[in-house]
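Structure, as structure tokens:
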């Protein structure tokens, strides 16, 4: 069959386009498989993350084309620190690790700090909730925030309704008044039903967090770190105060376990406060946002709801304590650029929203928190995240024991309130050295 010049040209042109299409597919597949690159064309992935969020949750979050070369390894909190030290010692650390306000100080000398030049401080403060600022200092960022788990108030709707009450308390003064209405205590001081589980440590699941909330609401920073200097700051004194606010907080808290006080509601003979709440014998329980699902699973018929933590009257700043988690880069990481890219990717709105939905935690990104919510859970979660504050805890186990000693030494009369606060402050300072 004879071919004229026009036919030959058409076949050549078709062949050219087919060849270019094949080349384009190959190039696209190669770039996609390699993942993102830096300005010089260097491939930023793969990246390995170590953390303590459930692996099945992180697998869902990582199911994205641009994160297909990111690997997540789940550890228990108990094994995390020792495993990281061992990996650093043998020269094979992960590229990113999860930290929170209770582990940052311990890990700090093993982390790479991102200077403010790489992520301006103004941008950081504009993008993230205030509790996330625990991951930064004067010179830069130790971790990019990931999620937050704020303290909230759970309240028993039936106990309130049976007493003709329609709303939970918004202020601590209202909690005090409720003790005269909701407490059920025999003449021999046997407690049948309680308004609130305050005054003790050993059978109050989140006693340290409750005290932290009260202290932060009173303007007490609890600890400070300026440069390399770490100090306890429990005796912080406002200009308008006659005594350190921590004294008032400790007195307020311990009064609820003092049988001579009208607010007496709790004692050491009671079971754990969350168990009592689940058993329908405690009106108010203060816990982390993520405890909602646990309470619901333990007693599906419990008629309870969730609200913001009560506040002091007259305050111009609402506050609740929050546990905040971030992603940090080990100083020994062999792929800091890739780790930084992935950490920033986790702060994107799509991941922030999905991570919150999968973990029950609240996002840390202000733009996501600004979105209106239709359920009580997420409305309370978002509002609590916005007002969440925290403090740099040098050693969570040791600081709990300091708070325990502070409370029980006042209860027993071994120390005055001022002596107990001074001793706890000294111990916090020593922990951070």
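In our numbering, the protein residues as written are 14 to 446. For every residue, glycine included, the Cβ atom is placed at its ideal position computed from N, Cα and C. Computed from a prediction, not measured in an experiment: that's the story for all the values here.
Beta-carbon separation of residue 439 and residue 245 under 8 Å? Taking 8 Å as the Cβ cut-off, residue 439 and residue 245 qualify as a contacting pair.
Is residue 254 helix, strand or coil by DSSP? Correct three-state label for residue 254: coil.
Buried versus exposed, by CB contacts within 10 Å (16 or more), residue 376: In summary, residue 376 is buried, with 16 or more beta-carbon neighbours lying within 10 Å of its beta-carbon over all protein chains present.
Look at the alpha carbon of residue 173 and the alpha carbon of residue 196, and state the distance between them as a whole number of angstroms. Cα to Cα, residue 173 sits roughly 11 Å from residue 196.
Going by beta-carbon coordinates alone, are residue 267 and residue 420 separated by less than 8 Å? In this structure, residue 420 lies closer than 8 Å to residue 267 by Cβ.
From the DSSP output, in three-state form, read off residue 197 for me. Residue 197: strand per DSSP, three-state reduction.
State the start and end residues of the unbroken beta strand (DSSP E) segment that holds residue 158. If you look at residue 158, you'll find it in the beta strand (DSSP E) that goes 157-169.
Short Cβ contact (8 Å threshold) for residue 167 with residue 290: It is a contact, given that the beta carbons lie within the stated cut-off.
Rounded to whole angstroms, what's the CA-CA distance from residue 137 to residue 322? Just pull it up for me. Straight through space, the alpha carbons of residue 322 and residue 137 are spaced by roughly 26 Å.
Give the C-beta separation of residue 395 and residue 382 to the nearest angstrom, bearing in mind that I take them to be a contact with Cβ-Cβ under 8 Å. Contact annotation, residue 395 with residue 382: C-beta distance approximately 5 Å; criterion of less than 8 Å satisfied.
Quick one: grab the DSSP three-state call for residue 78. Three-state DSSP puts residue 78 in a helix.
Any C-beta of chain B under 8 Å from that of residue 82: Checking the listed chains, one finds no chain B in this structure; it contains a single protein chain.
If I follow the unbroken beta strand (DSSP E) through residue 214, where does it start and stop? Looking at the DSSP string, residue 214 is not in any beta strand (DSSP E), and its letter there is neither H nor E.
Under three-state DSSP, which class holds residue 149? Residue 149: strand per DSSP, three-state reduction.
So, with DSSP's three-state summary, where would you put residue 183? Per DSSP, reduced to three states, the secondary structure at residue 183 is coil, with no helix or strand assignment.
Along the chain, where does the alpha helix (DSSP H) containing residue 102 start, and where does it finish? It spans 90-102 - the alpha helix (DSSP H) in which residue 102 sits, taken as one unbroken run.
Would you list, in sequence order, the uninterrupted alpha helix (DSSP H) runs of no fewer than 4 residues that lie entirely inside the region 267-300? Entirely contained in the region 267-300, the alpha helix (DSSP H) runs reaching 4 residues are, in chain order, 286-291.
Since residue 379 is in the alpha helix (DSSP H), which residue starts that stretch and which ends it? Judged by DSSP secondary structure, residue 379 falls within the alpha helix (DSSP H) whose first and last residues are 379-382.
Whole-Å CB distance - residue 447 paired with residue 399, under 8 Å assumed: There is simply no residue 447 to check, as the chain begins at 14 and stops at 446 in what is shown.
For residue 69, count neighbouring C-beta atoms within 10 Å of its own C-beta (all shown protein chains included) and say buried if the count is 16 or more, exposed if not. Classification of residue 69: exposed, given that the 10 Å Cβ count is below 16.
Between the region 110-129 and the region 154-161, do three or more beta carbon pairs fall short of 8 Å? The region 110-129 is in contact with the region 154-161.
DSSP on residue 358, reduced to helix/strand/coil? In the structure shown, residue 358 sits in a helix (DSSP, three-state: H, G or I).
Classification of residue 432 by the beta-carbon crowding that lies within 10 angstroms, buried from 16 upward: The residue is exposed, with fewer than 16 neighbouring Cβ atoms inside 10 Å.
Leaving aside the five residues before and after residue 407 along the sequence, list all residues of the same chain whose C-beta is less than 8 Å from its C-beta, in chain order. Same-chain partners within the cutoff: 118, 119, 236, 243, 441, 444, 445.
7 Å CB neighbourhood of residue 132 in its chain, flanking five on each side removed: Same-chain partners within the cutoff: 154.
Measuring CB atoms only, is the region 71-80 touching the region 283-301, in the sense that at least three cross pairs come out at less than 8 Å? At 8 Å Cβ cutoff, the stretches do not touch.
How do the region 272-285 and the region 346-356 stand: do at least 3 beta-carbon pairs fall below 8 Å, yes or no? Fewer than three Cβ pairs drawn from the region 272-285 and the region 346-356 lie within less than 8 Å of each other, which leaves the two stretches out of contact.
Residue from 61, 67, 60 with nearest C-alpha to residue 372: Ranking 61, 67, 60 by Cα distance to residue 372 puts 67 first.
Which residues in the same chain as residue 189 place their Cβ atom closer than 6 Å to its Cβ, once the five residues preceding and following it in sequence are excluded? Around residue 189: 276.
According to DSSP, is residue 324 part of a helix, a strand, or is it coil? In the three-state DSSP reduction, residue 324 falls in the strand class (E or B).
Could you tell me which of 366, 401, 202 sits nearest to residue 269, measuring between CA atoms? Nearest C-alpha to residue 269: 202.
Can you tell me which of the three DSSP states residue 365 falls into? If DSSP states are grouped into helix, strand and coil, residue 365 belongs with the helices.
CA-CA distance, residue 437 and residue 187? Going by the C-alpha atoms only, they are around 29 Å apart.
Do residue 281 and residue 216 have their C-beta atoms within less than 8 Å of each other? In this structure, residue 216 lies closer than 8 Å to residue 281 by Cβ.
Measure the CB-CB distance between residue 403 and residue 144 and report whether it falls below 8 Å. Cβ atoms of residue 403 and residue 144: closer than 8 Å.
Within its chain, find whatever has a CB closer than 8 Å to the CB of residue 101; leave out the 5 residues flanking it on each side and keep chain order. Counting only Cβ-Cβ distances below 8 Å, and skipping sequence neighbours, we find 123, 343, 345.
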